[in-house]
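Quick note, the sequence shown lines up with residues -19 to -1, 1 to 369 if you use mature numbering (1 follows the signal peptide of the UniProt record, and there is no 0). C-beta atoms are modelled at their ideal positions from N, C-alpha and C, and glycine is treated no differently. Notes for the one structure printed next.
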Amino acid sequence: MRKFLALFMLLLISAYSFNGLVKAESGDPVLTSEAAVLMDTQSGAILFGKNEETMMYPASLTKIATAIYAIETADLDELVVVSEEIENIDGTRVYLNPGEQVSLRKLIQGMLINSGNDAALAIAIHLDGSLESYSKNINEFLESDIGVEDTHFVNPHGLFDENHYTTAKDLGLILNYAMNNPDFREIFGTKQLEWDGESWDTTILSHHRMLKGEIPYEGVTGGKTGFVDQSKQTLATTADNGQLKLTAILLKSEYKRKIYEDTIKLFDYGFTAFKTSQISKGETFTNGNLKFKASKDLLLTEPIEKGKRVVDKDGILRIENEDGEIIQSIELKPLIGKKPEVKKTAPEPKQSGLLSVNTILGAVVIVAAAGLWMVNRKQKKSRRYRSR
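Below, the structure is given as structure tokens:
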């Protein structure tokens, strides 16, 4: 009996271990970065998250927000007179001089490609007059236009401030929004640029090692790095394999090498497991007798294998994986069909009260006449009998 129990426990443990091994091998990426998110750049679907809604310090990934805010607020060809406030800025610079006149486009290039903090500050002062006004306006822009929920920026460059924070999810939303703009996409994907400034004449290079090709990965379309002591390494990257476009945000990694490894893991996972599909405007879906349709052309992110589409009674289309986890939800429009035509028939004419009374009186007269006839007949018979 003991041998049987021992053998049973051994088999049970082996089976459990095997299942755990399979799950580990086929499951989500294991990352060293403290927070991360992988999103479909086009549909916005979150394909992987790790502490994606936890408040973090973004460092220079802030400049992604500053760039798209500037692009959508002002004319890129307008000249900016560089403020004197840039003289005391810390960190990476493009060595602007106070009073130097530079186009807004060039400042955005210097900020995104070379991560120039002086360029970021010059942009903010030019757009809003002060850091206080910049902070108020960009936070309103991020909330109203992009839909962030847990972001608060107090500067345009990301130098540390305890009141300057965001989340991996919000940064993904910001970058996805920005990637819809062709001017942003062009600058975000630039590897190097000739820089001809008053005090600095050079070729500026992107700091993003995957974008430059130092860490090869096919399909990388853009990137931004960040670092301050409190945030550690931060990294934003976009990639496109021709069938799917991905956005990866990694926050708070101790080492540069590790944050790039994490990014590659996310891209490998995304490109292997997911695909982009399209629903055409007017395409219909059902739930029992209920019918719904897409009100416009829509992009879906679906598992390459074992995914399913589920429509609930409220017309919410859910894209689920094999475990029933929701990848994306889309609201459909109720499809209201034509009501069947009911043939109208002429109503029967209503009888008037007078007609009803006449009918009753006629019946009474007939009954009375019949009664009189019967009485009269009996009387005649009686007289005949008496005469005999």
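Run of the alpha helix (DSSP H) containing residue i, from where it starts to where it stops
| i | result |
| --- | --- |
| lysine 237 | 237 to 254 |
| glutamate 121 | 112 to 122 |
| glutamine 90 | 85 to 94 |
Three-state secondary structure (DSSP) of residue i
| i | result |
| --- | --- |
| phenylalanine 141 | coil |
| lysine 193 | helix |
| tyrosine 146 | strand |
| arginine 166 | helix |
| aspartate 182 | strand |
| residue 372 | The question about residue 372 has no answer, for the chain in this structure spans -19 to 369. |
| aspartate 109 | helix |
| aspartate 126 | helix |
| isoleucine 311 | strand |
| glutamate 175 | strand |
| alanine 51 | helix |
| threonine 340 | Below a pLDDT of 50, predicted positions are generally treated as unreliable, and threonine 340, at 49, falls in that range; the measurement from the model is reported next regardless. In this structure, threonine 340 counts as helix in the three-state DSSP scheme. |
| proline 321 | Note on proline 321: pLDDT 45, under 50, position unreliable in the model; the coordinate value appears next. Coil at proline 321, not helix or strand. |
Residue i, buried or exposed, once every other Cβ within 10 Å from all chains shown has been counted against 16
| i | result |
| --- | --- |
| phenylalanine 141 | exposed |
| valine 338 | With a pLDDT of 41 at valine 338, under the threshold of 50, the predicted position of this residue should be treated as unreliable, though the coordinate-derived value follows. Exposed is the call here. |
| isoleucine 104 | buried |
| lysine 226 | buried |
| asparagine 95 | buried |
| proline 137 | buried |
| threonine 265 | exposed |
| threonine 340 | Since pLDDT at threonine 340 reaches only 49, below the 50 mark, its modelled position is unreliable, and the value read off the structure follows with that caveat. Exposed, by the Cβ-count rule. |
| glutamine 82 | exposed |
| lysine 233 | buried |
| proline 328 | In this prediction, proline 328 scores a pLDDT of 47, lower than 50, which makes its location untrustworthy; the coordinate-derived value is nonetheless stated afterwards. The residue in question, proline 328, is exposed, as its Cβ has fewer than 16 Cβ neighbours within 10 Å. |
| glutamate 195 | exposed |
| threonine 253 | exposed |
| glycine 139 | buried |
| leucine 313 | buried |
| serine 310 | exposed |
| threonine 147 | buried |
| valine 11 | exposed |
| tyrosine 236 | exposed |
| glycine 223 | exposed |
| glutamate 33 | buried |
| threonine 206 | buried |
| threonine 215 | buried |
| threonine 184 | exposed |
| isoleucine 45 | buried |
| tyrosine 110 | Position check: residue 110 holds glycine in this sequence, whereas tyrosine was assumed. Result: exposed. |
| valine 61 | buried |
| residue 405 | The first residue shown for the chain is -19 and the last is 369, placing residue 405 beyond what the model contains. |
| glutamine 23 | buried |
| aspartate 99 | buried |
| proline 39 | buried |
| isoleucine 307 | exposed |
| glutamate 6 | Low confidence applies to glutamate 6: its pLDDT is 37, below 50, so where it sits in the model is not reliable, and the reading given next is rough at best. Result: exposed. |
Run of the beta strand (DSSP E) containing residue i, from where it starts to where it stops
| i | result |
| --- | --- |
| serine 41 | Careful: serine 41 lies outside any beta strand (DSSP E) and carries neither H nor E. |
| asparagine 268 | 265 to 268 |
| aspartate 58 | It is not in any beta strand (DSSP E) - aspartate 58 carries neither H nor E in the DSSP assignment. |
| glutamate 65 | Premise fails: glutamate 65 is in no beta strand (DSSP E) and is neither H nor E. |
| leucine 271 | 271 to 274 |
Identified DSSP bridge partners for residue i
| i | result |
| --- | --- |
| alanine 103 | Paired residues: none, contrary to the question. |
| threonine 218 | Gly204 and Ala229 |
| threonine 257 | Thr282 |
| glutamine 211 | According to DSSP, which records beta bridges pairwise, glutamine 211 is partnered with nothing at all. |
| methionine 20 | Ile27 and Thr228 |
| isoleucine 300 | Arg290 and Gln309 |
| serine 234 | Gln214 |
| histidine 188 | Answer is none; histidine 188 lacks a bridge partner. |
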